[in-house]
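**Q** Okay, handing you the structure first.
Number of protein chains: 2
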Amino acid sequence: MTTDAAGGRDLLERQLQLIELVARHPAGLSFSEIHSALGLPKATVHRLLASLSKADCINFSGSGSDDGDVAAGKGRRHYVLGGRIRRLLGSAVDPDQIVLLSQVVLHRLAEKFKETAFLSMLREDRVETVVMVTPAKDAHGFVNPGRVMPPHAAASAKAIFAFRSEHEWDRVLSGPLPALTDLTLTSPTLVKREYRSIKQVGIAYCREEIDRGLMAIAAPVHLPQIGVIYAVSIVAPSNRIREHDEELVEAALLEAANELSSIFSDKLGTDGK
Amino acid sequence: MTTDAAGGRDLLERQLQLIELVARHPAGLSFSEIHSALGLPKATVHRLLASLSKADCINFSGSGSDDGDVAAGKGRRHYVLGGRIRRLLGSAVDPDQIVLLSQVVLHRLAEKFKETAFLSMLREDRVETVVMVTPAKDAHGFVNPGRVMPPHAAASAKAIFAFRSEHEWDRVLSGPLPALTDLTLTSPTLVKREYRSIKQVGIAYCREEIDRGLMAIAAPVHLPQIGVIYAVSIVAPSNRIREHDEELVEAALLEAANELSSIFSDKLGTDGK
DNA sequence: TAGCAAAGTTTCGTATTACGGAACTAACAA
DNA sequence: TTGTTAGTTCCGTAATACGAAACTTTGCTA
Chain A
0 MTTDAAGGRD LLERQLQLIE LVARHPAGLS FSEIHSALGL PKATVHRLLA
50 SLSKADCINF SGSGSDDGDV AAGKGRRHYV LGGRIRRLLG SAVDPDQIVL
100 LSQVVLHRLA EKFKETAFLS MLREDRVETV VMVTPAKDAH GFVNPGRVMP
150 PHAAASAKAI FAFRSEHEWD RVLSGPLPAL TDLTLTSPTL VKREYRSIKQ
200 VGIAYCREEI DRGLMAIAAP VHLPQIGVIY AVSIVAPSNR IREHDEELVE
250 AALLEAANEL SSIFSDKLGT DGK
Chain B
0 MTTDAAGGRD LLERQLQLIE LVARHPAGLS FSEIHSALGL PKATVHRLLA
50 SLSKADCINF SGSGSDDGDV AAGKGRRHYV LGGRIRRLLG SAVDPDQIVL
100 LSQVVLHRLA EKFKETAFLS MLREDRVETV VMVTPAKDAH GFVNPGRVMP
150 PHAAASAKAI FAFRSEHEWD RVLSGPLPAL TDLTLTSPTL VKREYRSIKQ
200 VGIAYCREEI DRGLMAIAAP VHLPQIGVIY AVSIVAPSNR IREHDEELVE
250 AALLEAANEL SSIFSDKLGT DGK
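Chains as they are written, first to last, in numbering that gives the first Met the number 0: chain A, 0 to 272; chain B, 0 to 272.
Following this line, the structure appears as C-alpha cells:
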C-alpha cells in the first residue's frame, strides 16, 4: 500500500524531453498536447512547465487565435520555446551558423530527390550527424542525428577527413577499423588512398560499406579560414540512388555545399559587428 | 555549527549557467576553470558536470593529446557542449530564424538575376527591411536594411499587408499617404483595392511608386498558424527587370517564399516519437 | 627518488525539493 | 441545469541535491 510517491526520478531527462518536444513545434503546444505527448501525470507536467518557464526556457502565450494585440495570457495557453534556449542555440552552439543555414539547403536536396539529406560535422576527431531532413514528414532516415560516423566507411566522414591534414588521418585511423560489411575498407593504407582520391574528385561515396543495400554520397563544405568541418550528404538504398543518376546527385550536393561556403565567405567581408 | 547542507537550491538555474558557460567557450573548459567561473563548491560542480554529461548536454574529452581510443578520460578533462544541445538546433525553427534562413534563399535569388534581394518583416504595424543580399560583394542595393517601407507603395509592404486582416488595413492607412512619385497611390480606397488584387494574385509589384526608374517585386511568406509576417523581394531599375522577364522573377520569388514556409511547416507536424 | 601542493573525486548526514494520486476549480457543451 | 474535459492545487512521502571534509590522484620541484 505504498502510495508510490517518489522524489526526483529523473528531472533533467524530463526537462530535456519537454524542451525538445516544444522545440519541434514552433507554433506552440497546448498543455494537453504536451501532457499526452510525454505521457506523464498532469500534475508533473504542470510542475515541469512552471519551473521551466520561470527559468525562461519555455514561454507561454495566451490563446493565439487572432491578433488581440499582446499575448493576453489567460485560459488556454500555448507553450513555445523560451528566449533562453533560443539564445543559447543561436549564438553559442552554432558560431558559424552553418547548421542553421543548412536547413534550407538540405530541404531542397530532400525535396529534389525525395531522399533523406544530412549535415555532418567534425568535432574532436569524430564526425557526427547533426541535422537530418526527410522528404516526407513521417519518413525516417537511415542514420539518426547524433550518430558518430565511422571514419573509414561513411561518406560524410570521408568527405571531411579527405580535406584535412594527413597528420590527422593517422590519429583517426589508429584505432580498429571494423569490417561493417564485406565491402568495408579495413586497412589504413587503403582508406588513405581513398581519402586522396576523394580529395581529387571532390565528392565521397559510401557504397554499401556500412550497410548492405545502403549507399551514401557526400560533398565537403569548404569554409575559408576554417577549412572543412562540415559535409552535406544523401543516404538511400543503393537501387534508389542508381535510379536518380549519380551524376545528378553529385551535382546537387556540390551545389549545396558551394552555396553554404559562398554564403559563409560573403559574410566574412561584411562582418556584422 | 549547522553543516549548512541544503537540498536542491536551484538546480535548473545552475545547470543552465553551466551550459551557458560552456557554450561560450567552444574550445572547452577545464574543471577548475568552471569551478572558479561559477564560484560553487568543487563537489557541487563535479556533481553538476556528472549529471549533465550523463544526459549528453556536456561532453568531456580526455586531454586531447595522445591517448588513443575512445576518450579514455581520467585526469584532466576538457568539457565541451554536448551533442544533445547541438542537435536541438537542428530540430528547432522559430519564426525569428526565418531571418537567418532567408540568407540562403536570398543569396540564390541574387545570384540568379544578379540583382539585390531583400527580406522584409512586419513589426508593430510597420514593414521594415531586415536582410539585404547583393549579387556582388561591393554592389549596394537601393534600400538599406532597417528602412521602414511605405505601406501604400513598397512591394514588400503590400505583399505583407495584403494578407492581413482588413481591420489592420484601416489602422495602417490612417496616416498620410505621401505621393512619392506621380505613380503613387495616395487614396486608402485605391490602396485597399490594390491589396485585394494582390491577395488574389499572390505577388506584389511596386512600379516606380517610390522612385522614378525603380521597380520591385515581392512575394509573401505564409507561416502556418502565424500568417504573413515576412516577404521576399527584388528591387532593381525598371528596365533591368523587364530584361529578365517578369514571369521568371515572379516564379523565383514564389519558389523562394514557399521554400521558407515549407521548411517552417515541416517542423510543425513532426511529432517525432 | 622523495616530498609536497594543487587538482580532482568520493563519502555521508541532512534538508529540500520532486513526486503524483486525488481532490479541486474553470471552461465548454448539451 | 448537468455532465465532461481541461487545467490547477494539495500534501504525505521518498528520493535526490547539497557541500564540508576526507580522500586520491596528478604534476611539479628538489
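Glycine included, each C-beta is placed from N, C-alpha and C at the ideal position.
Please report the residue range of the beta strand (DSSP E) in which A:E127 lies.
**A** Where A:E127 is concerned, the enclosing beta strand (DSSP E) stretches over R125 to V132.
**Q** Are A:I225 and B:H106 close, meaning C-beta to C-beta below 8 Å?
**A** Not in contact: A:I225 and B:H106 (Cβ atoms no closer than 8 Å).
**Q** Note down, in chain order, each residue of its chain lying with its Cβ closer than 7 Å to the Cβ of A:E110, except the 5 sequence neighbours on either side.
**A** Excluding residues within five positions, the ones whose Cβ falls inside 7 Å are P134.
**Q** Using Cβ-Cβ distances below 9 Å, what residues of the stretch 81-97 of chain A are close to chain B?
**A** Cβ contacts with chain B: R83, I84, R85, R86, L87, L88, G89, S90, A91, V92, D93, P94 and Q96.
**Q** Note down, in chain order, every chain A residue with its Cβ under 7 Å from the Cβ of B:R23.
**A** A91, listed in chain order.
**Q** Which residues bound the alpha helix (DSSP H) around B:S155?
**A** Note, B:S155: alpha helix (DSSP H), A154 to F160.
**Q** Distance, Cα to Cα, B:A178 vs B:L172?
**A** Cα-Cα distance, rounded: 13 Å.
**Q** Alpha carbon to alpha carbon, what distance is there between B:S119 and B:A153?
**A** So the two alpha carbons sit approximately 11 Å from each other.
**Q** Please identify the residue among A:H151, A:I202, A:F117 and A:P94 whose C-alpha is closest to the C-alpha of A:G145.
**A** Minimum Cα distance to A:G145 is reached at A:F117.
**Q** Taking only beta-carbon positions, decide if B:I18 is within less than 8 Å of chain A.
**A** Yes - at least one Cβ of chain A is within 8 Å of the one on B:I18.
**Q** At a CB distance below 8 Å, what residues from the stretch 144-173 of chain A approach chain B? Give them in sequence order.
**A** If the cut-off is 8 Å between Cβ atoms, the stretch 144-173 of chain A has P144, G145 and S173 near chain B.
**Q** For the alpha helix (DSSP H) that B:F30 lies in, which residues bound it at each end?
**A** Where B:F30 is concerned, the enclosing alpha helix (DSSP H) stretches over F30 to L37.
**Q** List, in order along the chain, the chain A residues whose C-beta lies closer than 8 Å to that of B:Q199?
**A** By Cβ distance, chain A contributes nothing, its closest Cβ being about 22 Å from B:Q199, past 8 Å.
**Q** Any beta carbon of chain A sitting closer than 8 Å to that of B:P134?
**A** Not an interface residue.
**Q** B:A54 CB to nearest chain A CB: under 8 Å?
**A** Closer than 8 Å: yes.
**Q** Run down chain B in chain order and give the residues with a C-beta less than 8 Å from the C-beta of A:L15.
**A** Those within 8 Å of A:L15 in chain B are A54, C56 and R83.
**Q** Just grab the DSSP bridge partners of A:A138 for me.
**A** DSSP lists no partner for A:A138.
**Q** Check each candidate in A:F30, A:S101 and A:S35 and name the one with the smallest Cα separation from A:F59.
**A** Taking only the C-alpha atoms, the option nearest A:F59 is A:F30.
**Q** Counting only beta-carbon separations shorter than 8 Å, does B:G72 have a partner in chain A?
**A** Note that B:G72 scores a pLDDT of 36, beneath 50, so its modelled location is shaky and nothing firm can be said.
**Q** Buried or exposed, going by whether 16 or more other CB atoms sit within 10 Å of the CB of B:L121?
**A** Result: buried.
**Q** Which complete alpha helix (DSSP H) runs does the stretch 208-244 of chain A hold, if anything under 4 residues is left out?
**A** Complete alpha helix (DSSP H) runs here, min 4: 237-243.
**Q** Would you check if the distance between the CB atom of A:R219 and the CB atom of A:A255 is smaller than 8 Å?
**A** In the sequence as presented, Arg is not what sits at residue 219 of chain A; that position holds Pro. Cβ atoms of A:P219 and A:A255: not closer than 8 Å.
**Q** What does the alpha-carbon distance come out to for the pair A:V142 and B:C205?
**A** Taking the straight line joining both Cα atoms gives about 47 Å.
**Q** Hey, quick one: how far does the alpha helix (DSSP H) through A:H24 stretch, first residue to last?
**A** It is not in any alpha helix (DSSP H) - A:H24 carries neither H nor E in the DSSP assignment.
**Q** Hey, could you find the ends of the alpha helix (DSSP H) B:A49 is sitting in?
**A** Counting along the chain, the alpha helix (DSSP H) containing B:A49 begins and ends at K41 to K53.
**Q** Under three-state DSSP, which class holds B:A276?
**A** Any question about residue 276 of chain B goes unanswered here, given that chain B covers just 0 to 272.
**Q** What's the call for A:S101, buried or exposed, on a 16-neighbour Cβ count within 10 Å?
**A** Label assigned to A:S101: buried.
**Q** Exposed or buried, B:Q199, counting other C-beta atoms within 10 Å across all chains shown (16 or more means buried)?
**A** With fewer than 16 Cβ atoms within 10 Å of its Cβ, B:Q199 is classed as exposed.
**Q** On the DSSP letters alone, give me the boundaries of the beta strand (DSSP E) that A:L189 sits inside.
**A** Unbroken run through A:L189 is the alpha helix (DSSP H), P187 to V200; no beta strand (DSSP E).
**Q** For A:H139, count neighbouring Cβ atoms within 10 angstroms of its own Cβ and tell me buried if that reaches 16, exposed if not.
**A** Its Cβ having fewer than 16 others within 10 Å, A:H139 is exposed.
**Q** Taking A:L11 and B:S50 to be in contact with their CB atoms under 8 Å, please state how far apart those CB atoms are, rounded to whole angstroms.
**A** Yes, A:L11 and B:S50 are in contact; Cβ-Cβ is about 6 Å, under 8 Å.
**Q** What in chain B is Cβ-close to A:E123, meaning under 7 Å?
**A** S60, listed in chain order.
**Q** Mark B:D93 as exposed unless 16 or more other C-beta atoms lie within 10 angstroms of its C-beta, in which case mark it buried.
**A** Burial call: buried.
**Q** Quick one: which chain A residues come within Cβ less than 9 Å of B:S50?
**A** Correct list: L11.
**Q** Find the nearest neighbour of B:A161 within the set B:M148, B:L39, B:R192 and B:V132, judged by alpha-carbon distance.
**A** Out of B:M148, B:L39, B:R192 and B:V132, B:R192 has the C-alpha closest to the C-alpha of B:A161.
**Q** Would you kindly report the start and end of the unbroken alpha helix (DSSP H) that includes A:V171?
**A** Taken as a continuous stretch (DSSP letters only), the alpha helix (DSSP H) holding A:V171 covers E165 to V171.
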